[in-house]
Ligand SMILES: [Fe+2]
Ligand SMILES: [Fe+2]
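Residue numbers (the working numbering): 7 to 149.
Structure, rendered in C-alpha cells:
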C-alpha cells in the first residue's frame, strides 16, 4: 500500500501547483516502497536527490507566483519552504554519508508536513492567484 494516497481534498485548483503536488506524492511513495522492500542506502539516496531537486523546483515555482502576484503572505510561506528543504537536504546528506537510514518516522513527518502545507498555505496562495486573475478579467471587461 502507498504511503500517500491522493485525495481531491488536497486540490488547490491551481493546475500547475496540483500537478507538482501529485508528482511529490509519487516520489515519496517511491521512497517508501524502497524502504519497505529493504533497498540499500544507495538507491534511497538517489531517490532523495530526486526529492530534493523536485521539491526545490516546486517551491521555486510557488515563490515565483507569489512574487509576481505580490502575495502578502510571501515571507511566511517561503520560510516554511526553506525549513522543509533544509530538513530534506539534511536527511539526504545523512543517508549518503551512511550516518542514517530513512525511517518510518521521517516518512510520516514528510507526509504530515506536505499535507498540512498543501491544504493550508498552498490553498491560500492558489485562492489569492485565482481572485487576482478574476479581478484582472473583470477590469479588462470594463468599458
Ligand atoms: Fe507552498
Ligand atoms: Fe506546494
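In this text, a Cβ means the ideal position worked out from N, Cα and C, and glycines have one as well.
Quick one: grab the DSSP three-state call for residue 82.
helix
Pair within 8 angstroms by beta-carbon distance, residue 69 and residue 84:
yes
With residue 65 as the anchor, note down where its alpha helix (DSSP H) starts and where it stops.
47 to 75
What is the DSSP secondary structure of residue 122, reduced to helix, strand or coil?
helix
Please look up how many angstroms separate the CB atoms of residue 62 and residue 91, rounded, as I've assumed it's under 8 angstroms.
6 angstroms
Three-state secondary structure (DSSP) at residue 128?
helix
Quick check: the Cα distance between residue 9 and residue 35, rounded to an integer number of angstroms?
6 angstroms
What are the start and end residues of the alpha helix (DSSP H) that includes residue 42?
21 to 42
Quick check on this structure: which residue in 15, 12, 22 and 111 has the alpha carbon closest to the alpha carbon of residue 65?
22
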